[in-house]
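J.:
Number of protein chains: 2
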Amino acid sequence: MFRGINPLSLDGKGRLAVPAKYRQPLLDTADGQLVLTIDRDRCLLLYPLPVWESVERQLIQLSSTNARARALKRLLLGHAEECALDASGRILLPAPLREFANLEKRVVLVGQGNKFEIWNEQAWNDWREALLRGGDDGESLPELDALAF
Amino acid sequence: MFRGINPLSLDGKGRLAVPAKYRQPLLDTADGQLVLTIDRDRCLLLYPLPVWESVERQLIQLSSTNARARALKRLLLGHAEECALDASGRILLPAPLREFANLEKRVVLVGQGNKFEIWNEQAWNDWREALLRGGDDGESLPELDALAF
DNA sequence: CCACTTTCCCCCACTTTTCGCCACTAACTA
DNA sequence: TAGTTAGTGGCGAAAAGTGGGGGAAAGTGG
Chain A
96 MFRGINPLSL
106 DGKGRLAVPA
116 KYRQPLLDTA
126 DGQLVLTIDR
136 DRCLLLYPLP
146 VWESVERQLI
156 QLSSTNARAR
166 ALKRLLLGHA
176 EECALDASGR
186 ILLPAPLREF
196 ANLEKRVVLV
206 GQGNKFEIWN
216 EQAWNDWREA
226 LLRGGDDGES
236 LPELDALAF
Chain B
96 MFRGINPLSL
106 DGKGRLAVPA
116 KYRQPLLDTA
126 DGQLVLTIDR
136 DRCLLLYPLP
146 VWESVERQLI
156 QLSSTNARAR
166 ALKRLLLGHA
176 EECALDASGR
186 ILLPAPLREF
196 ANLEKRVVLV
206 GQGNKFEIWN
216 EQAWNDWREA
226 LLRGGDDGES
236 LPELDALAF
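In the order they appear, the protein sequences are chains A and B. Just so you know, the first sequence maps onto residues 96 to 244 in this note's numbering. Just so you know, the second sequence maps onto residues 96 to 244 in this note's numbering.
1. Assign Glu199 of chain A to one of three DSSP states: helix, strand, or coil.
2. Going along chain A, which residues have a C-beta under 8 Å from Gln207 of chain B?
3. Comparing the C-beta of Pro191 of chain B with each C-beta of chain A, is any distance below 8 Å?
4. List in chain order: all unbroken beta strand (DSSP E) runs of 3+ residues lying wholly within the stretch 157 to 241 of chain A.
5. I need the boundaries of the alpha helix (DSSP H) containing Val113 of chain A, first residue and last residue.
6. Tell me, please, which residues DSSP counts as bridged to Thr132 of chain B.
7. Which one of A:Glu199, A:Gly206 and A:Leu242 has the shortest CA to CA distance from Phe97 of chain A?
8. Would you mind giving the Cβ-Cβ distance between Gly127 of chain A and Leu180 of chain A, rounded to the nearest angstrom? I have them listed as a contact below 8 Å.
9. Less than 8 Å between the CB atoms is what I'm expecting for Leu236 of chain B and Asn161 of chain A, so what's the real figure, rounded?
10. Within 10 Å of its beta-carbon, does Leu239 of chain A have 16 or more other beta-carbons around it, so buried, or fewer, so exposed?
11. Evaluate the contact criterion for the stretch 139 to 149 of chain A versus the stretch 109 to 118 of chain B: three or more CB pairs, one atom per stretch, below 8 Å.
12. Whose Cβ in chain A lies nearer than 7 Å to the Cβ of Ile100 of chain B?
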């Protein structure tokens, strides 16, 4: 399980050095193979390949005639890029994805269980502050209201 | 599985250079034989020939009395063009299809699992921005709300 | 059926991107 | 304080994307 928040810098070519603590697990479970895609909140999602493949299977089975399903498929599948840890434990973030998530230099890598999120550092801070300030603005969901943690 | 977004340029003759990473898979599974057709969203669809053939079989079996089915058939079947990777890994996009999808110079090739979509770059960006901004405007679909990814 | 025009495709050259490699610095450990 | 490991940066070779010239093939009109 991936946890925690890691402030990092991209180098001049848009490469991200995966923190050392995650490298061995990634090599063990996915042979260093990863998939990057985008998220609606303008950050990137980083999956170990096997995890992504299971997500992908779900996506492919969605209807091709329903507009919402087609859109979601297009977003996630369409932006998914395979990449691999290089010899120094880095991955190259493809330019179109970097652009989408506004990643230039300072970024944060956020562990999210079976995947990571990659945010522009400023955007991450802003998002968090806004959430804390703004309180509850999301839709309701029964499972949510039943949560104890 | 084809994934990812690839910004490309058509050359002066309307040819599209398929990114190198997809070439070998296409040669292996389809001997470089491809089928181009159009999509409702004013982009083109690019299938490996065997995949297209299975789509085609499904289409042919659709009702000939239902108007929506007839329309879908006409669109997809009627615009389908066979083409092949040339020696440099490029395909020629027939002029009528190029025109339909407004493809001139800058385009994006979007992997969608078993096929690709080819968009005018600007149209693609506009579509994506509208989707992200507008939020959920499609029909609802129970499977969608149950998705965790 | 022949000549002319247009389209298509092979080939080569140029430019940009990608990626392995190595080196430097900062932080942590012993 | 010295040794080790992690993060960062940059060089350079190799690969991929882009563009154009010219010959072959196909389509068109007389």
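Yeah, the Cβ is synthetic: ideal placement off N, Cα and C, and Gly gets one too.
T.: Put simply:
1. Taking the first residue of the first sequence as 1, we reach residue 199 of chain A at position 104. Shown here, Glu199 of chain A sits in coil according to DSSP, grouped into three states, outside any helix or strand.
2. Counting from one through the second sequence, the residue named residue 207 of chain B turns up at place 112. Those within 8 Å of Gln207 of chain B in chain A are Lys168, Arg169, Leu172 and Gly173.
3. The residue given as residue 191 of chain B occupies position 96 in the second sequence. It does not; no Cβ of chain A falls within 8 Å.
4. Listed in chain order, the complete beta strand (DSSP E) runs (minimum 3 residues) inside the stretch 157 to 241 of chain A are 176 to 179, 185 to 187, 201 to 206 and 211 to 215.
5. On the first sequence, residue 113 of chain A is found 18 positions in, with the first residue counted as 1. Unbroken run through Val113 of chain A: none, as it is neither H nor E.
6. As a working mapping, residue 132 of chain B is identified with position 37 in the second sequence. The partner list for Thr132 of chain B (beta bridge, DSSP) reads B:Leu140.
7. Numbered from its first residue, the first sequence carries residue 97 of chain A at position 2. Here the closest residue by C-alpha is A:Gly206.
8. Within the first sequence, residue 127 of chain A is the residue found at index 32, counting from 1. Within the first sequence, residue 180 of chain A is the residue found at index 85, counting from 1. Gly127 of chain A to Leu180 of chain A, Cβ: 4 Å. Contact.
9. On the second sequence, position 141 is the one that residue 236 of chain B refers to. On the first sequence, position 66 is the one that residue 161 of chain A refers to. Indeed, because the Cβ distance is near 5 Å, the residues count as touching under 8 Å.
10. Sequence index remark: in the first sequence, residue 239 of chain A carries index 144 (1-based). Classification for Leu239 of chain A: exposed.
11. Taking a contact to require three or more Cβ pairs closer than 8 Å, the stretch 139 to 149 of chain A and the stretch 109 to 118 of chain B do not qualify as touching.
12. As a first step, residue 100 of chain B must be located in the second sequence, where it is residue number 5. The contacting residues are Gly173, His174 and Pro191.
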